[in-house]
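In the numbering used here, the protein residues as written are -17 to 258.
Quick reminder that beta carbons are idealized off the backbone N, C-alpha and C, glycines included.
In this text the structure is predicted, and so the values were computed from the model without any measurement.
Data first, discussion second: the structure below is written as structure tokens.
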Amino acid sequence: MANAPEFIIDGLKATVEGKEILKGLNIKIKGGEVHAIMGPNGTGKSTLASTIMGHPKYEVTEGSISLNGEDVLEMAVDERARAGLFLAMQYPSEITGVTNADFLRSAINARRGEGNEISLIKFIRQMEGKMKELEMNPEFMHRYLNEGFSGGEKKRNEILQMMLLDPSIVILDEIDSGLDIDALRIVATGVNAMRSEDRGFLIITHYQRLLNYIKPDFVHVMMQGRIVKSGGPELAERLENEGYDWIKEELGIVDETVGQDEGEFKVPMNTTAPKY
Ligand code: ADP
Ligand code: MG
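Here is the structure:
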């Protein structure tokens, strides 16, 4: 399909405050595909998400990221959003003084570009419609961005942003954390409604539970700042039943977190992660 995006990360290494966190990560996401990255805490999942979006704290030292053949690493943060990358953050920020509606309208207009701004009436109609789908109270439109929102309300608000921005690559970082089962179902319904050939998803999650509601095509396990194992949905089911220890045993990993002394790594540093 002409519009199907292709997002490729190749050999990505990144540091935070001089410490290497991502250690050679490969993934390829095409339109229509849902990829899940699973992994214990501290393995570099959120670092990956922030690095893709161009957070200034994360410095890419090696490798490449491209979207439809264009070099993402060359793009400023706003250009990445405009190019179609979207991240729902694990810990969304609160911004006093900016209402949710103002924020969303600016974000939509930034994505649409100058001369192509959405009309106020159309924006309100769209926002109201999507808020209804997400069973959000209409008052959240005029509240300051995320201020005083509960964990679950913040997560729904992230999904609202995704729905309105119509991105081509969606990254959801632990969207399930802080959600009770009803909210999880609503969020998953919103995500599933957005699945299409024009859009690819990268769903980062600690728990398999979310994947009961959003069925992934590919499942990757992240440890020590790279993907150490990939498979289909059956991999997530095995993790649900058996946890992560069997992977550590299989690969001879003692400590799955990053930031350890290199001597503690049991997987050779030049291991090439599977390419998809
Ligand atoms: P995960 O999302 O898998 O739990 P993170 O990417 O949040 O893992 O963290 C991986 C490692 O990177 C941790 O050791 C964490 O302390 C470190 N790290 C991530 N972001 C920062 C940051 N902004 N400043 C310092 N260290 C960071
Ligand atoms: Mg995280």
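- Between Gln72 and Glu156, the CB-CB gap stays under 8 Å.
- Put simply, the region 48 to 62 does not touch the region 226 to 235. Fewer than three CB pairs are less than 8 Å apart.
- Under the DSSP assignment, Thr29 falls in the alpha helix (DSSP H) whose first and last residues are Lys27 to Met35.
- Per DSSP, the continuous beta strand (DSSP E) segment holding Ala(-4) begins and ends at Glu(-12) to Val(-2).
- Judged by beta-carbon spacing, Thr187 lies beyond the 8 Å limit of Gly24, meaning their Cβ atoms are not closer than that value.
- When DSSP assignments are scanned along the region 23 to 104, the uninterrupted stretches of beta strand (DSSP E) that are 3 or more residues long and fall wholly within it turn out to be 40 to 49, 67 to 70 and 77 to 81.
- Here Leu193 carries a helix assignment [DSSP, helix/strand/coil].
- Taking 8 Å as the cut-off, the beta carbon of Ala(-4) is found closer than this to the beta carbon of Tyr40.
- For Asp60, the closest alpha carbon among the candidates His124, Glu110, Val80 and Ile34 is that of Ile34.
- When beta bridges are read from the DSSP output, Ala18 appears opposite Ile185 and Val201.
- DSSP, read as helix, strand or coil, puts Asp162 in coil.
- Of the residues Val(-2), Val201, Tyr126 and Glu140, the one whose Cα lies closest to the Cα of Glu76 is Tyr126.
- In this structure, Gln206 has its beta carbon at no less than 7 Å from each heavy atom of ligand 2.
- Pro74 sits close to Asn128, with the two beta carbons spaced by under 8 Å.
- With fewer than three CB-CB distances shorter than 8 Å, the region 164 to 176 does not count as touching the region 83 to 99.
- Measuring C-alpha to C-alpha distances from Asp158 to each of Leu30, Lys10, Tyr189 and Leu69 identifies Tyr189 as the nearest.
- The region 110 to 117 and the region 128 to 142 touch, with three or more beta-carbon pairs separated by less than 8 Å.
- When the alpha-carbon of Arg64 is set against those of Thr43, Gly79, Gly36 and Ala83, the nearest one is in Gly36.
- Of the candidates Leu(-6), Gly66 and Ala18, the residue whose Cα lies closest to the Cα of Asn194 is Ala18.
- Per DSSP, the beta-bridge partners of Lys10 are Ile(-10).
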